[in-house]
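Chains as they are written, first to last, in the numbering used here: chain P, 1 to 141; chain X, 142 to 523.
Using N, Cα and C, we set each Cβ at its ideal position, and we do this for glycine too.
Read through the structure below, which is laid out as structure tokens, and then see the notes.
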């Protein structure tokens, strides 16, 4: 899969991810429009990326590409900004997205709050917020 | 574990303490709790501290109080449930003869203090997955869990509001409570939106303040002229920490694990519980914890709290000082949960605020983003 990557570096005032160690391959892929998760040889799938597999303990489990689709496990509409750079954005939606491959991911949901419901299908897009990373943002599928 | 006896409890001044820091408030609460116990600082041979805005808080408080060779030092940080968690460790230490008088203490200036700097510097790899979402934590994280509960079980915003209303009714009888004016369900629903489905009155307040609990060994208790309240059961666990999406099932907390363990250890059933002090950082926190502790079936918390079940005169008196929602909430509320449970068991109050002949209390702490749970069963001895 390759999802759209929108360059938002100019307008983004929020926190930006800093790729380190186990997370670096994840963030590198986001710049190419690919959402990755770790799929260990033992079969376990996990996000956020970690230096060990949480099922078998294998070190540096390899990454696999997600299809970038999933459903909203739950969400909230933030009326109070939780981070610097979000004041102008309220109200905005943050959801926990359950990817089709299994792992869950916390992400901005770029949609009208009124149109959302738990269980609704969503697809990933990316907002590039720094030279090093694009954050996954989900839209109704 | 030996069963420690709670010999004294106290708060520091609550609300706004602009001339104090966390340590002042923790120390003031400690001295007041020792006085309540009929002990003095020179008796103290152990300290357990969490949540202080300092590195190595147990050492900092020991120095500040000029303790003489404390043999028990504890600073495990599992958020708001740390103080319940400490009770088990103190029991173990007392069983080994390591300490006889241990102070569990907390202090903060969450309201008027400088607060934590919101640095953009990354401190943990997971921050890159959480902070760029802008999620307002902790309210937004708890709100997401509440939304999932509403989806799975049909829980309503009105039912969540019932918790705030009942808790405020208790607060109206507590002169120390920050908010004492009665509220109705509509007031909660019409208060300012914070993070849906939470409105302002679904969220705990923010205070300065501190609290302390003095635990003594069986032997030491024999020397003191205090009502005997014992720690009869303790259990703790965690499910996740920094990202609410890591919580395996947002409708079930660690209380489902710690409740049965603590109840079994204490040899009690739900019918034995006279009063419950349940961490209420948000209305949902208390609702889901009531379910997980087994006071009602999973998913029926909403129906359970309707009609004043937890209010004065209700079937299960809960958060009888007004809780984190109305009394105080200096960040880690767990120490206040213990303090109120003990006061109810000692019969410290008069009138409607005192739960009749309370003999068994459950004190439950929650920490992080619904992340840690610790349940304590307290019993008044004859």
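Excluding five sequence neighbours on each side, which residues of the same chain lie with their C-beta closer than 6 Å to the C-beta of residue i?
{"i": "residue 566 of chain X", "result": "Chain X is shown from 142 up to 523; residue 566 of chain X falls before or after that span and cannot be answered."}
{"i": "residue 482 of chain X", "result": "418, 502, 504, 519"}
{"i": "residue 296 of chain X", "result": "290, 443"}
{"i": "residue 374 of chain X", "result": "403, 406, 407, 518"}
{"i": "residue 176 of chain P", "result": "Chain P is shown from 1 up to 141; residue 176 of chain P falls before or after that span and cannot be answered."}
{"i": "residue 293 of chain X", "result": "392"}
{"i": "residue 455 of chain X", "result": "449"}
{"i": "residue 440 of chain X", "result": "294"}
Cutting at 7 Å between CB atoms, please list the residues of its own chain near residue i, excluding the five before and the five after it.
{"i": "residue 36 of chain P", "result": "25, 26, 29, 63, 64, 65, 66"}
{"i": "residue 323 of chain X", "result": "309, 310, 313"}
{"i": "residue 361 of chain X", "result": "241, 242"}
{"i": "residue 205 of chain X", "result": "164, 168"}
{"i": "residue 359 of chain X", "result": "143, 146"}
{"i": "residue 77 of chain P", "result": "91, 93, 113"}
Does residue i come out as helix, strand or coil in the three-state DSSP assignment?
{"i": "residue 215 of chain X", "result": "strand"}
{"i": "residue 443 of chain X", "result": "helix"}
{"i": "residue 340 of chain X", "result": "strand"}
{"i": "residue 257 of chain X", "result": "Confidence is the limiting factor: at residue 257 of chain X the pLDDT is only 48, short of 50, which leaves the residue's position unreliable and the question unanswerable from this model."}
{"i": "residue 228 of chain X", "result": "helix"}
{"i": "residue 18 of chain P", "result": "coil"}
{"i": "residue 196 of chain X", "result": "coil"}
{"i": "residue 152 of chain P", "result": "Residue 152 of chain P lies beyond the range of chain P shown here (1 to 141); nothing can be said about it."}
{"i": "residue 25 of chain P", "result": "helix"}
{"i": "residue 459 of chain X", "result": "strand"}
{"i": "residue 205 of chain X", "result": "helix"}
{"i": "residue 488 of chain X", "result": "coil"}
{"i": "residue 505 of chain X", "result": "strand"}
{"i": "residue 297 of chain X", "result": "coil"}
{"i": "residue 119 of chain P", "result": "coil"}
{"i": "residue 182 of chain X", "result": "helix"}
{"i": "residue 242 of chain X", "result": "strand"}
{"i": "residue 467 of chain X", "result": "helix"}
{"i": "residue 330 of chain X", "result": "helix"}
{"i": "residue 113 of chain P", "result": "helix"}
{"i": "residue 495 of chain X", "result": "coil"}
{"i": "residue 89 of chain X", "result": "There is simply no residue 89 of chain X to check, as chain X begins at 142 and stops at 523 in what is shown."}
{"i": "residue 515 of chain X", "result": "strand"}
{"i": "residue 305 of chain X", "result": "helix"}
{"i": "residue 175 of chain X", "result": "helix"}
{"i": "residue 98 of chain P", "result": "strand"}
{"i": "residue 169 of chain X", "result": "helix"}
Is the beta carbon of residue i less than 8 Å from the beta carbon of residue j?
{"i": "residue 350 of chain X", "j": "residue 171 of chain X", "result": "no"}
{"i": "residue 163 of chain X", "j": "residue 193 of chain X", "result": "yes"}
{"i": "residue 79 of chain P", "j": "residue 334 of chain X", "result": "yes"}
{"i": "residue 33 of chain P", "j": "residue 52 of chain P", "result": "no"}
{"i": "residue 137 of chain P", "j": "residue 123 of chain P", "result": "no"}
{"i": "residue 306 of chain X", "j": "residue 325 of chain X", "result": "yes"}
{"i": "residue 301 of chain X", "j": "residue 148 of chain X", "result": "no"}
{"i": "residue 229 of chain X", "j": "residue 507 of chain X", "result": "no"}
{"i": "residue 92 of chain P", "j": "residue 270 of chain X", "result": "no"}
{"i": "residue 86 of chain P", "j": "residue 275 of chain X", "result": "yes"}
{"i": "residue 465 of chain X", "j": "residue 420 of chain X", "result": "yes"}
{"i": "residue 372 of chain X", "j": "residue 144 of chain X", "result": "yes"}
{"i": "residue 267 of chain X", "j": "residue 383 of chain X", "result": "yes"}
{"i": "residue 189 of chain X", "j": "residue 227 of chain X", "result": "yes"}
{"i": "residue 304 of chain X", "j": "residue 428 of chain X", "result": "yes"}
{"i": "residue 19 of chain P", "j": "residue 133 of chain P", "result": "yes"}
{"i": "residue 344 of chain X", "j": "residue 423 of chain X", "result": "yes"}
{"i": "residue 42 of chain P", "j": "residue 55 of chain P", "result": "yes"}
{"i": "residue 434 of chain X", "j": "residue 475 of chain X", "result": "no"}
Excluding the five sequence neighbours on either side, which residues of its own chain have a C-beta within less than 8 Å of the C-beta of residue i, listed in chain order?
{"i": "residue 150 of chain X", "result": "174, 177, 352, 353, 354, 355, 479, 480, 483, 484"}
{"i": "residue 495 of chain X", "result": "485, 488, 489"}
{"i": "residue 73 of chain P", "result": "95, 96, 97, 98, 104, 118"}
{"i": "residue 338 of chain X", "result": "284, 287, 288, 291, 298, 301"}
{"i": "residue 2 of chain P", "result": "32, 33, 34"}
{"i": "residue 197 of chain X", "result": "216"}
{"i": "residue 388 of chain X", "result": "286, 380, 381, 510, 511, 512"}
Review point. Mind listing which residues of the region 33 to 59 of chain P have their C-beta closer than 7 Å to chain X's C-betas, in chain order?
Key: 48
Review point. What residues in the region 9 to 23 of chain P bring their beta carbon closer than 9 Å to a beta carbon of chain X?
Key: 12, 14, 15, 16, 17, 18, 19, 20, 21, 22, 23
Review point. If contact means a Cβ-Cβ distance below 9 Å, which residues of the region 414 to 425 of chain X contact chain P?
Key: none
Check your understanding: Between the region 263 to 284 of chain X and chain P, which residues of the former have CB atoms less than 7 Å from a CB of the latter, in chain order?
Key -> 263, 266, 267, 269, 270, 271, 272, 273, 274, 275, 276, 277, 278, 281, 284
Exercise for review: Anything in the region 318 to 337 of chain X with a Cβ closer than 8 Å to a Cβ of chain P? List those residues in chain order, please.
Suggested key: 333, 334, 335, 336, 337
Check your understanding: Got a sec: which bits of the region 283 to 315 of chain X sit with their beta carbon under 8 Å from any beta carbon on chain P, in order along the chain?
Key -> 284, 285, 286, 288, 289, 292
Review point. Residues in the region 383 to 410 of chain X with C-beta within 8 Å of chain P's C-beta atoms, listed in sequence order?
Key: 384, 385, 386, 387, 391
Review point. Which of the residues in the region 60 to 84 of chain P, read from start to end, lie with their CB under 9 Å from any CB of chain X?
Key: 73, 74, 75, 76, 77, 78, 79, 80, 81, 82, 83, 84
Point to revise | Under 7 Å (Cβ pairs) to chain X, residues found in the region 108 to 127 of chain P | key: 108, 118
Check your understanding: Where are the beta strand (DSSP E) runs, 3 residues long or more, that stay fully inside the region 33 to 88 of chain P, in chain order?
Key -> 36 to 39, 63 to 65, 69 to 78
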